[in-house]
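**Student:**
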Amino acid sequence: MFKIKFRPTTPDAPLWLILLKIFGQTVIFWSLFLLVIPAALIWLESILGCPAFRFNGQRVLGVILFVLGGSLGLTSGAMMGIYGRGTPLPLDTARHLVVVGPYRYVRNPMAIAGLTQGAAVALFCGSWLTLGYIIVGFFLWNYYVRPIEEQDLLHRFDRAYADYQRSVRCWIPCWRGYSPSTPETQGNDK
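For the sequence shown, numbering that gives the first Met the number 0 gives the first residue as 0, with consecutive numbering after it.
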């Protein structure tokens, strides 16, 4: 079984470098998951003769959802860099627990952002296979990646993450933002 190894960013990494890495990772992920894979699926649909779905306003709705999801993803990435002092990737992960910005309201804003953008691409193109790809991506992330990530967070941040996990839902944002009860939850290492 494939094991993900989490390694925090080096303590002396300058913020500009962390943010540059996040920007580069975002470009790569968006290009692969929101352009290349959907384009391949749309091409496959055309080969198989699958008709696209269409309804009034679907492209406008797709653009709106893409912008909203992208804004959430970029904001979450910035919070990860600025307050967590790391990137979203396990090989260069945040050194501090991030419970600010979108993370105050939902535990996985980056996953929500990516899935929203993927759904927006499917909607804009009217692609059934792309929509199916996003649904499969949700299940893979939720039942395979998320447990591994949460286990690492519990290991590294102990009670601070356990308190956060109990207070903030994974997928459904809470109305009142999370307010840490201890200073260690506010971004300090154990």
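Don't be surprised by glycine CBs; every beta carbon is placed ideally from N, CA and C.
When the Cα of F5 is compared with those of W29, P87, L31, which residue comes out closest?
**Tutor:** Answer by Cα proximity: P87.
**Student:** Please name the residue, chosen from L71, V62, Y82, I81, that lies closest to L122 on a Cα-to-Cα basis.
**Tutor:** V62
**Student:** So F22 and G113 are in contact, right, with Cβ under 8 Å, and what is the actual spacing, rounded?
**Tutor:** Incorrect: roughly 16 Å between the Cβ atoms, too far for contact.
**Student:** Rounded to whole angstroms, what is the Cα-Cα separation between R106 and G100?
**Tutor:** 11 Å
**Student:** Throw me the rounded Cβ distance for the Q225 and G68 pair, which I believe falls under 8 Å.
**Tutor:** A query on residue 225 cannot be resolved here, the shown segment of the chain reaching from 0 to 189 and no further.
**Student:** R94 and T8: beta carbons closer than 8 Å?
**Tutor:** With respect to T8, R94 sits close: the two C-beta atoms are nearer than 8 Å.
**Student:** Specify the secondary structure class of E183 as computed by DSSP and reduced to three states.
**Tutor:** The predicted position of E183 is uncertain, since its pLDDT is 48 and thus under 50; a value taken from the coordinates is nonetheless stated next. In this structure, E183 counts as helix in the three-state DSSP scheme.
**Student:** Measure the alpha-carbon distance for R53 versus A39 and round it to whole angstroms.
**Tutor:** 20 Å
**Student:** Just mark F138 as buried or exposed, buried being the case when its beta carbon has 16 or more other beta carbons within 10 Å.
**Tutor:** Within 10 angstroms of the beta-carbon of F138 lie fewer than 16 other beta-carbons, which makes it exposed.
**Student:** Would you tell me roughly how many angstroms separate the C-alpha atoms of P13 and D151, rounded to the nearest one?
**Tutor:** 24 Å
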